[in-house]
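Under the numbering used here, the first residue of the sequence shown is numbered 4, with each subsequent residue one higher.
Backbone N, C-alpha and C fix where the C-beta goes; we use that ideal spot for every residue, glycine too.
Report on the following structure.
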Amino acid sequence: MPREEVVFESSGNMLAGTLFTPEGPGPYPAMAFLVGSGGVSKRLGEAWGFYMWVTLAEHCVSKGVAVLLFDKPGLGGSTGNWEAQTFDDRADDALAAVRFLQTRKVVDRQKIGLIGHSQGGWIAQLAASKSKEVGFIISLAGPYISVYEQILMDRENHLLVAGASPMKKLVDMTATRALFLTARVAEKVGYKHPIMNILDYDPRPILPEVTCPVLALFGEKDVLCLPGPSLDVIKSLMPKGDVTTKVFPQTNHLFWRCKTGSTKEYEKLDKRFVPEFLESITSWMKSKDIVKGGRQGETTVV
Numbered sequence: 004m005p006r007e008e009v010v011f012e013s014s015g016n017m018l019a020g021t022l023f024t025p026e027g028p029g030p031y032p033a034m035a036f037l038v039g040s041g042g043v044s045k046r047l048g049e050a051w052g053f054y055m056w057v058t059l060a061e062h063c064v065s066k067g068v069a070v071l072l073f074d075k076p077g078l079g080g081s082t083g084n085w086e087a088q089t090f091d092d093r094a095d096d097a098l099a100a101v102r103f104l105q106t107r108k109v110v111d112r113q114k115i116g117l118i119g120h121s122q123g124g125w126i127a128q129l130a131a132s133k134s135k136e137v138g139f140i141i142s143l144a145g146p147y148i149s150v151y152e153q154i155l156m157d158r159e160n161h162l163l164v165a166g167a168s169p170m171k172k173l174v175d176m177t178a179t180r181a182l183f184l185t186a187r188v189a190e191k192v193g194y195k196h197p198i199m200n201i202l203d204y205d206p207r208p209i210l211p212e213v214t215c216p217v218l219a220l221f222g223e224k225d226v227l228c229l230p231g232p233s234l235d236v237i238k239s240l241m242p243k244g245d246v247t248t249k250v251f252p253q254t255n256h257l258f259w260r261c262k263t264g265s266t267k268e269y270e271k272l273d274k275r276f277v278p279e280f281l282e283s284i285t286s287w288m289k290s291k292d293i294v295k296g297g298r299q300g301e302t303t304v305v
């Protein structure tokens, strides 16, 4: 399977990536992958010995889709500082990746999309709202609620599955909100914590501007991003959009089969995608005529 180490420019940074392509001259549809939050979210998706995003890329390439994996600024081979970025900055990086793919002869310029995991789902939405160059987006456990809401939901759900007492929940959630308030106050006196670059981001205003086909996949037991709140937002703000959603039973934030969904059980799990996860992505791309062998599908909400 052909793969090439590449570098492209975005806002003064040089972003390093790996381009996976099918055999033959093409042109092929392509998508750039957008990693999640933090300094451990790197292009290959290594998690407990399982290379998630390489596995995803290899599957998609086997179905005739080129995939670009790249590091955020300051990670891997990329220059810059991801901690200083806003979501608009990350969306600019995503669009730079799309424009890079447009330069490759092996890529079909009319069929270039974005696929993002977790925070990368927010970025894919935002980039698609900014530019019609994004032909489609695939969101993997990507929230459709605000960053503030998602962080609180994450913490509260972890307490719930851990069986925390009502007092423990009250103290912990109060402390979490207090930390955010402290960060807001600190910003006013001259110290800006990196969380303030993204804390107030809410995708709701831009979602009606996303007009390309969208596939949003969720894990039923994903305590970091429970499907319900995001599905409610999709139904209310994207009712006329070409949006397909799917919830995978008994799966977590990484689309692994799980018991509770808590990150504390990850080490004990079978570290691989549930079988239907990868096939759902490629079957959707066929239904949208992104890859050959499909026909135009209908918008569905599961």
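Report yes or no: do three or more beta-carbon pairs, one from the region 62-82 and one from the region 154-172, lie closer than 8 Å?
no
Within 8 Å, strictly: CB atoms of Trp287 and Leu218:
yes
When DSSP builds the beta bridges, which residues end up paired with Asn16?
Ser13
Output the distance between the C-alpha atoms of Gly123 and Gly145, rounded to the nearest integer angstrom.
7 Å
Find the nearest neighbour of Leu227 within the set Met241, Pro208 and Leu257, judged by alpha-carbon distance.
Leu257
Closest residue to Lys45 among Lys114, Glu7, Thr24 and Ser121 (Cα-Cα distance)
Ser121
Range of the contiguous beta strand (DSSP E) that encloses Leu219:
Note on residue identity: the sequence assigns Ala, not Leu, to residue 219. Its beta strand (DSSP E) spans residues Val217 to Gly222.
The alpha helix (DSSP H) with Leu202 in it runs from where to where?
Neither: Leu202 is in no alpha helix (DSSP H) and is coded neither H nor E.
Write down the C-beta distance between Val57 and Ala33 rounded to the nearest angstrom, noting that I regard them as a contact closer than 8 Å.
About 16 Å separates the two Cβ atoms, so there is no contact after all.
Provide the residue span of the beta strand (DSSP E) that contains Ala69, from first to last.
Ala69 to Phe73
Same chain, Cβ closer than 6 Å to Pro197, neighbours up to 5 away in sequence not counted
Glu86
Going by the CB atoms, is the gap between Asp96 and Ser13 shorter than 8 Å?
yes
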